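Have a look at the structure below, then the notes.
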Amino acid sequence: LAAKTGLKSLLGEDFDIETIEHDTDVNPYSPQQQQALADILFELGIAASEQNKPKAAKRFLSQYLHILQLIEKNSTTFSFQNLANKSIAEEIMLL
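Position 37 of the sequence shown, counted from 1, bears residue number 92 in the numbering used here, the numbering being contiguous throughout.
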């Protein structure tokens, strides 16, 4: 999955999507890489939700929300897109 989405080429060959929920340090990645990772996880979650795969959707969106929380903690900028996507992800997580 990471290879198909381009995550391995973006974040390096040692990137493991399974560790995202437990990883508390995204500092090795540039802010652009962090945002790209969050965006990809959000899109994967939305796609899974639209395909009626609630477990996969919740897993991707949970990872997305975790990365977004780390981005927000370390960032000095505000993103309206992240705010809107966060709202959508939280709504799907409640289903």
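Even for Gly, the Cβ is constructed at its ideal location relative to N, Cα and C.
Computed from a predicted model, the values in this text were never measured in an experiment.
Within 9 Å, strictly: CB atoms of residue i and residue j
i	j	result
Ile143	Ala112	no
Gln118	Leu96	yes
Ser130	Pro83	no
Glu98	Leu120	no
Assumed close pair residue i, residue j - CB separation to whole angstroms, cut-off 8 Å
i	j	result
Ala93	Ile122	5 Å
Terminal residues of the alpha helix (DSSP H) in which residue i lies
i	result
Tyr119	109-129
Ser142	135-149
Gln90	86-105
Using 8 Å as the threshold, is the stretch 118-126 in touch with the stretch 103-110, meaning 3 or more CB pairs across them? Because the criterion of three Cβ pairs below 8 Å is not met, the stretch 118-126 and the stretch 103-110 do not touch.
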